[in-house]
Amino acid sequence: VLRRVPGDDFAVAVVNGSRGKATVVKDDPRGLCLSFWWGEGAEDDRLPIHLLAGLPRPQTAR
Numbered sequence: 007v008l009r010r011v012p013g014d015d016f017a018v019a020v021v022n023g024s025r026g027k028a029t030v031v032k033d034d035p036r037g038l039c040l041s042f043w044w045g046e047g048a049e050d051d052r053l054p055i056h057l058l059a060g061l062p063r064p065q066t067a068r
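Note that the working numbering has the sequence shown beginning at 7, numbered continuously upward.
Here it is as structure tokens:
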């Protein structure tokens with residue numbers, strides 16, 4: 007969670023589970039305090055991912 011301030015919200019999900027929204031409640035040196043809202047009965051319209059591959063940039067492949 008980068009560059010979020012109290013009051014900001016963003017999408018969250020649990021692997022193979024629920025999806026919803028999180029809101030930053032408090033930000034202090036010890037960490038973030040978040041409030042979650044999990045969507046009930048949200049239809050999953052995403053296709054399953056069976057393989058995720060990446061290629062290194064040429065500078066890092068040496």
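Glycine included, each C-beta is placed from N, C-alpha and C at the ideal position.
Limits of the beta strand (DSSP E) - the one that residue i falls within
i   : result
G60 : G60 -> no beta strand (DSSP E), and no H or E assigned at all.
S41 : G37 to W44
D15 : D15 to A19
V31 : R25 to D34
Residue from the options with nearest C-alpha to residue i
i   : options          : result
P35 : V11, L58 and G45 : V11
F16 : G23, N22 and L8  : L8
V31 : D14, H56 and L53 : D14
Contact check, residue i vs residue j, beta carbons under 8 Å
i    : j   : result
G154 : G45 : What the structure shows of the chain is the stretch from 7 to 68, and residue 154 is not part of that stretch, so it cannot be assessed.
V18  : A28 : yes
Using a Cβ distance threshold of 8 Å, determine whether the stretch 57-66 contacts the stretch 23-42, with at least three qualifying pairs required.
The answer is no - the stretch 23-42 does not touch the stretch 57-66, with fewer than three Cβ pairs under 8 Å.
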